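Here is the structure we will look at, set down as structure tokens.
Protein chains in written order, with full-length UniProt numbering: chain A, 1 to 479; chain B, 1 to 479.
The following block contains the structure:
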């Protein structure tokens with residue numbers, strides 16, 4: 001046998017370091033268990049329930065009819081004359097196709113996206129924030145993830161010899177830690193304040209950036225709002241303080257706002273970083289900001305279509321040119337993903353034939369998510385040894401749990417993080433798949449897990465009751 | 001005004017270095033000219049004809065009905081009962097949806113792609129090569145480009161302190177130079193033999209790798225077959241020699257085979273690197289190889305859907321695990337792009353209702369491309385001062401042209417490459433947009449440009465006659 005040219009010893013070590021827990025070993029094991037069930041292997045449960053990933057439609061959420069109808073006519077324009085499709089769907093498809101090369105979704109678009117969709121995005125942002133938006137600053141991407149990776153890539157330089165550092169929340173969505181590891185950049189952890197609904201405490205931001213200066217050159221600050229995995233929603237006052245902090249520390253602001261439609265808590269609303277920063281006036285209104293949005297979350301949950309965009313605000317024009325050049329070799333994001341994004345940010349208007357159904361479908365999804373958000377947090381809080389902040393937004397609950405010393409020892413003896421051990425036992429015993437807190441980061445000595453609230457109501461109830469029963473047994477076993 | 005946190009002076013310098021000529025300054029100017037024409041500004045021509053990019057459907061190629069029908073039923077399953085859709089389209093859509101989470105294309109797939117599509121890919125490769133293929137080695141990607149970037153990323157390490165180097169052909173498709181620049185890797189140029197139909201001369205490969213050892217640690221070898229921008233098709237004998245060379249030099253082989261359906265020259269056929277290498281027997285049959293394929297080229301030209309895949313052969317299992325982990329944070333390629341790929345590699349079979357139309361549409365596209373391939377090369381060869389190798393495959397002609405000394409001086413005085421100057425003048429005078437040879441690389445002192453053969457026949461004739469007339473005038477002007 002020929003010896004390999006590429007082995008663990010001589011491959012890119014950054015790839016070896018990177019982790020992405022949302023699709024990590026637990027999920028791989030969950031899929032194996034599914035196959036074992038299919039093959040008839042007996043288990044104490046009949047199905048795996050996946051609470052590990054924000055994959056709405058996989059968990060039974062119905063697609064929004066308007067989006068799928070527009071996609072259909074764009075992909076197959078022969079149907080544009082078909083009576084079954086409403087006139088606003090037809091008009092939208094015709095409009096978008098008129099901006100596609102050869103009037104086909106099979107053509108490449110500009111790397112930054114189809115012009116009319118970029119204009120619709122700018123109009124959406126203007127309406128949302130009451131602040132102008134230039135469509136040339138709105139860049140379509142392959143999901144929000146690709147936009148995040150593109151922007152962080154631009155920041156990957158330091159003059160000091162120390163690596164460039166990016167501040168990310170702990171707990172965080174592991175796209176950030178994975179990207180920083182892949183790029184060889186320094187991850188500056190700041191802890192969210194669990195005792196204060198996961199708010200950002202400015203003294204903690206200051207502590208984190210000061211402590212990091214010995215190891216890196218701080219360049220950027222990531223904020224996820226609404227929070228993943230925390231389910232928190234930031235107040236306007238909190239955002240103002242964060243903006244001031246970023247200004248004082250000369251940090252490039254990245255706002256992951258992909259859950260902007262997912263707000264459940266009474267009296268809370270989504271405030272975009274752009275709106276808050278702009279309304280604060282100079283010098284804050286001149287700050288650079290990248291805001292990310294996705295077609296995969298919200299009420300539409302079109303994860304598989306890979307739609308997303310980024311708005312770049314106050315970026316140095318020469319830097320923006322370079323960023324656009326950097327995406328040009330990737331050609332373009334999926335045109336159908338772009339079209340899904342268009343339908344989300346430019347929905348049917350009152351009086352148009354699709355409006356009523358659209359609003360009904362949207363509200364049903366969001367209302368049901370709201371009920372599940374409350375159910376999840378309440379259930380976790382009813383379990384002795386667990387506590388869970390309000391799921392004010394996004395799609396996740398991130399309860400904290402006490403683990404007995406004996407269980408911690410047992411985990412250590414297996415070379416596992418204690419909450420990984422717990423989650424794996426939960427999976428093997430009940431078929432419930434959640435992601436341990438260690439995959440997102442947490443204060444040392446605390447343990448959590450993340451579950452989505454996406455299983456349909458009955459299934460979520462099953463998930464929650466399995467977690468409850470198992471945790472009680474687990475506590476007894478290791479007490 | 002606040003000073004920027006990110007400027008040209010402190011951003012990622014690799015991004016500043018990277019170039020992607022296929023979407024470079026000439027194309028940006030072409031788009032401006034189109035807008036000027038729309039605004040009524042008078043030009044000596046009425047439209048821009050884009051020969052710069054392999055964007056089939058933008059140039060008038062019709063989509064393949066089967067592909068679009070399957071996409072339609074997958075995106076909008078309400079139509080599965082509709083009589084207008086053939087039964088094989090319905091069966092395909094049902095089969096694929098049964099492998100999607102929640103039976104919806106809105107769900108994420110595995111990062112490596114939908115299982116049944118991976119199996120179809122493996123079956124396609126087995127049939128093509130007569131050699132086994134394991135579906136677990138077939139990884140779907142966002143176009144072929146993302147697969148190329150993923151594999152090159154794995155190779156980005158060197159133990160020697162010198163950067164890792166990748167051998168790429170000159171001329172090359174600039175995805176490779178752009179990716180190497182972005183990753184900070186060393187580009188090892190080997191020149192294709194223009195006097196021998198752009199074949200790979202093994203002594204040139206040896207020269208290149210030896211010369212590069214002072215500057216880098218050679219890790220991989222990229223071969224593009226059929227060739228982009230050259231339009232060449234490698235013989236089996238040539239491929240065998242390349243495989244032996246890679247073996248001797250302990251290089252990881254990357255075969256860009258996205259044009260495997262685009263073979264026009266009589267008596268020539270496509271030989272995959274996998275087939276040739278496997279049939280050579282040990283030790284060659286044990287060599288590592290990554291082969292890339294796309295839904296954007298061939299007869300389907302579905303560029304905007306972003307479908308592609310990579311087959312990984314004989315990769316160290318631990319390395320493969322790491323590669324799969326590296327794509328997990330990107331979640332998955334577009335599900336609809338994956339479905340387009342499925343239709344290409346698993347087309348309707350004889351006796352199935354869509355078969356006849358599929359074959360007719362496919363053959364029409366390929367026959368017309370063949371005629372255009374001959375027309376383009378013949379026309380360039382009829383122009384005094386130009387010479388062009390046979391367009392044996394792919395979608396491009398890459399003629400060489402003499403440029404007068406005075407034109408070269410003029411270009412230099414403008415800070416432009418001479419063939420860039422020529423191409424820009426061609427664009428401004430005739431509306432024809434081609435890409436200068438300097439965007440792909442060429443032997444010093446030689447000048448070329450690349451044009452696609454994708455404009456529909458009448459438009460291609462216009463393009464060719466404009467090039468001829470302009471070149472003759474240009475030669476007179478600068479003689």
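Each residue gets a CB set at the ideal place from its N, CA and C atoms; glycine is no exception.
Quick caveat: nothing in here was measured; it's all calculated off a predicted structure.
Can you have a look at residue i and say buried or exposed, based on whether 16 or more other CB atoms are within 10 angstroms of its CB?
i, result
"residue 349 of chain B", "exposed"
"residue 361 of chain B", "buried"
"residue 7 of chain B", "exposed"
"residue 127 of chain A", "exposed"
"residue 444 of chain B", "exposed"
"residue 15 of chain B", "buried"
"residue 18 of chain A", "buried"
"residue 339 of chain A", "buried"
"residue 1 of chain B", "Any reading at residue 1 of chain B is ruled out, since the residue's pLDDT is 42, under 50, leaving its predicted position unreliable."
"residue 414 of chain A", "exposed"
"residue 169 of chain B", "buried"
"residue 161 of chain B", "exposed"
Looking only at its own chain, which residues have a Cβ that is under 6 Å from the Cβ of residue i, when we skip the five neighbours before and after it?
i, result
"residue 430 of chain A", "45, 466, 470"
"residue 27 of chain A", "52"
"residue 460 of chain B", "372"
"residue 504 of chain B", "In this structure chain B extends from 1 to 479, so residue 504 of chain B is not present and cannot be described."
Measure the C-alpha to C-alpha separation of residue i and residue j and round it to an integer number of angstroms.
i, j, result
"residue 386 of chain A", "residue 401 of chain A", "4 Å"
"residue 376 of chain A", "residue 449 of chain A", "13 Å"
"residue 300 of chain B", "residue 68 of chain B", "10 Å"
"residue 119 of chain A", "residue 331 of chain A", "20 Å"
"residue 357 of chain A", "residue 186 of chain B", "56 Å"
"residue 63 of chain A", "residue 295 of chain A", "12 Å"
"residue 96 of chain A", "residue 180 of chain A", "36 Å"
"residue 76 of chain B", "residue 86 of chain A", "14 Å"
"residue 167 of chain B", "residue 183 of chain A", "23 Å"
"residue 209 of chain A", "residue 139 of chain B", "40 Å"
"residue 304 of chain A", "residue 79 of chain A", "23 Å"
"residue 224 of chain B", "residue 472 of chain A", "60 Å"
"residue 147 of chain B", "residue 259 of chain B", "15 Å"
Leaving out the 5 sequence neighbours to the left and right, which residues in its chain are closer than 8 Å to residue i when beta-carbon positions are compared?
i, result
"residue 263 of chain B", "226, 233, 269, 270, 392, 393"
"residue 374 of chain A", "264, 391"
"residue 174 of chain A", "19, 20, 21, 22, 439, 440"
"residue 480 of chain B", "Outside the shown range of chain B (1 to 479) lies residue 480 of chain B, about which nothing can therefore be said."
"residue 84 of chain A", "none"
"residue 412 of chain A", "418"
"residue 410 of chain B", "421, 478"
So which residues of chain B does residue i contact, with C-beta pairs closer than 8 Å?
i, result
"residue 252 of chain A", "5, 6"
"residue 305 of chain A", "105, 106, 334, 335, 336"
"residue 69 of chain A", "76"
"residue 316 of chain A", "4, 6, 7, 8"
Residue i touches chain B at which residues, Cβ-Cβ below 9 Å?
i, result
"residue 53 of chain A", "108, 331"
"residue 480 of chain A", "Outside the displayed span of chain A (1 to 479) sits residue 480 of chain A, for which this structure offers no information."
In its own chain, which residues sit with a C-beta less than 7 Å from the C-beta of residue i, not counting the 5 before and 5 after it?
i, result
"residue 289 of chain B", "253, 255, 273, 274, 277, 313, 314"
"residue 202 of chain A", "241, 245"
"residue 88 of chain B", "348, 352, 353, 354"
Run down chain A in chain order and give the residues with a C-beta less than 7 Å from the C-beta of residue i.
i, result
"residue 23 of chain B", "111, 328"
"residue 560 of chain B", "With chain B covering only 1 through 479, there is no way to say anything about residue 560 of chain B."
Could you list which residues in chain A have their beta carbon closer than 8 Å to that of residue i, in chain order?
i, result
"residue 319 of chain B", "4, 6, 7, 8, 11"
"residue 20 of chain B", "325, 328, 329"
Show which residues of chain A have a CB atom less than 9 Å away from the CB atom of residue i.
i, result
"residue 145 of chain B", "329, 330, 331"
Would the segment 359 to 374 of chain B count as touching the segment 232 to 245 of chain B if we require 3 or more Cβ pairs under 8 Å? no
Count the C-beta pairs between the segment 29 to 36 of chain A and the segment 325 to 344 of chain B that are closer than 8 Å, then say yes if the count reaches three, no if not. no
Touch test, the segment 400 to 419 of chain B against the segment 231 to 238 of chain B, Cβ-Cβ under 8 Å, three pairs minimum: no
For the segment 154 to 167 of chain B against the segment 206 to 222 of chain B, are there 3 or more C-beta pairs whose distance is under 8 Å? yes
Touching or not, the segment 268 to 285 of chain B and the segment 115 to 122 of chain B, by the rule of three or more beta carbon pairs under 8 Å? No, because fewer than three Cβ pairs between the segment 268 to 285 of chain B and the segment 115 to 122 of chain B fall closer than 8 Å, the two stretches do not touch.
Determine, using beta-carbon pairs with one atom in the segment 195 to 204 of chain B and one in the segment 135 to 143 of chain B, whether at least three such pairs fall under 8 Å. no
When the Cβ atoms of the segment 315 to 335 of chain B are set against those of the segment 93 to 112 of chain B, are three or more pairs found closer than 8 Å? yes
Measuring CB atoms only, is the segment 99 to 109 of chain B touching the segment 243 to 252 of chain B, in the sense that at least three cross pairs come out at less than 8 Å? no
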